[in-house]
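To start, the structure itself, in structure tokens.
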Amino acid sequence: MTQIKIRNLTFKYPDSKSLVLDNINLDIKASSWTAIIGHNGSGKSTLARLIDGLLMPTSGLIEVDGMKVDENTLGIIHQQIGFVFQNPENQFVGATVADDVAFGLENRQISRLEMEDRINSALAMVGMTKYKNVEPINLSGGQKQRVALAGVLALMPKIIILDEATSMLDPRARQEILTLLKKLKKEYNLSIISITHDLNEIELADKIVVINDAKIAKQGSPAEILGDKELLLKIGVGIPASQQLQSLLVERGVTIPQKYLSLEELKNWLSQQLQ
Ligand code: ADP
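Residues in the sequence shown are numbered consecutively from 58, following my numbering.
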């Protein structure tokens, strides 16, 4: 089922010389993982802000669950969509981890008791229960992003937008948070939209959308996009390890399947050949 429908969307900031987004058409399915990739400044964050109604289109239409995003639906849209940003430091407002998770709940007419419940379960979901009364300043980068994620989960959204949310983390913390997101997505039927340059994160997507020069340059499955080396190089995303390995094997005269294989698929294929 289409959860987010975008039609003929254009956008321009009051002071921008040209269109920041030019005739964007996109469907995002419920419970899917979508990666949005492209050069810095290509309009990815702007698109995410438009979906959440933080900005309004210059022209065109955005619908979330069949509801047009506009001034009248903003309250409902904000309940459905949670944002996790790049820098966890900028997301902290509370004196303790629990206060911080509580912050988003405060203006929502939720009873003290339910609030306590939601804080506890959100912290449990991200594995941060024992840090409940800790000051956020004493947490590692990965732990801070978990708390930021708990703050979003406490609001029980249907869609989570990650705007470069793992880019400031070390590789281990990044992998841990991706594993956690994969698990939460499955358990709670969440839709995830991730704006990212990280290949490991891109590979998790069901659909990848490439934005270049304000337009969608290409959208498709990981196989369709990650197999397109020319495109990846053009937008400054590296070549996936599996593709590099495939190229090396071809150079050495090994005949490999003529299609994109993820690292996992390539490993399986190689082990079959070696049997
Ligand atoms: P990305 O997320 O792909 O890096 P952005 O959506 O942040 O790209 O930015 C797209 C373009 O819009 C860039 O040229 C950027 O400079 C410009 N831009 C972003 N935010 C604003 C703003 N608040 N006012 C004016 N121009 C902006």
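Note that CB positions come from ideal geometry on N, CA and C, so glycine has one too.
query                                                                                                              : result
Outcome for SER99 when other beta-carbon atoms lying within 10 angstroms are tallied against a minimum of 16       : buried
Residues passing the C-beta test against the ligand ADP heavy atoms, cut-off 6 Å                                   : TYR70, ASP72, SER73, VAL77, GLY95, ASN97, GLY98, SER99, GLY100, LYS101, SER102, THR103
Cβ-based neighbour list, TRP326, same chain, cut-off 8 Å, excluding 5 preceding and 5 following                    : ILE313, PRO314, LEU318
Where the beta strand (DSSP E) containing ARG229 begins and where it ends                                          : Per DSSP, ARG229 belongs to no beta strand (DSSP E); it is in the alpha helix (DSSP H), 228 to 245.
Backbone secondary structure at LYS187 - three-state DSSP                                                          : helix
Three-state secondary structure (DSSP) of LEU320                                                                   : helix
Per-residue burial, ILE194 [other beta carbons within 10 Å of its own, 16 or more giving buried]                   : exposed
Heavy atom of the ligand NAD within 7 Å of VAL141 beta-carbon                                                      : Inclusion of the ligand NAD in the displayed structure is not the case, the ligand content consisting of the ligand ADP alone.
Three-way DSSP call (helix, strand, coil) for GLN301 in this model                                                 : helix
Alpha-carbon spacing of LEU118 relative to ILE81, whole angstroms                                                  : 10 Å
Contact between the segment 173 to 189 and the segment 249 to 259 (3+ Cβ pairs under 8 Å)                          : no
Option in GLN143, VAL126, GLN332 with minimal Cα separation from SER224                                            : GLN143
Limits of the beta strand (DSSP E) - the one that ALA92 falls within                                               : 90 to 94
Exposure label - LYS239; buried when at least 16 CB within 10 Å                                                    : exposed
Close Cβ partners of GLU221 (< 7 Å) along its chain, the five nearest in sequence each way excluded                : GLN143, ILE252, THR253
Collapsed DSSP secondary structure at ALA152 in the structure displayed                                            : coil
Nonlocal neighbours in the same chain, by C-beta distance under 6 Å from ASN65, ignoring five residues either side : ASN80, GLY117
Which residues DSSP lists as bridging THR67, in chain order                                                        : SER116
Contact belief for PRO145 with GLY198 at Cβ below 8 Å, rounded distance in angstroms                               : 6 Å
Separation of ASN147 from ILE292, as counted between CA atoms                                                      : 28 Å
C-alpha distance - ALA92 paired with LYS264, whole-angstrom precision                                              : 6 Å
Burial state of ARG231, where buried means 16 or more other Cβ atoms lie within 10 Å                               : buried
Inter-residue spacing [alpha-carbon to alpha-carbon] between PHE140 and ALA207                                     : 11 Å
Beta-bridge pairing of ASN269 - partner residues as DSSP gives them                                                : LYS272
LYS86 (DSSP reduced to helix, strand or coil)                                                                      : strand
Continuous alpha helix (DSSP H) stretch holding GLY199: start and end                                              : 198 to 210
Identified DSSP bridge partners for ILE296                                                                         : According to DSSP, ILE296 bridges with nothing at all.
Reference VAL209, options VAL158, THR186, LEU247, closest by Cα                                                    : VAL158
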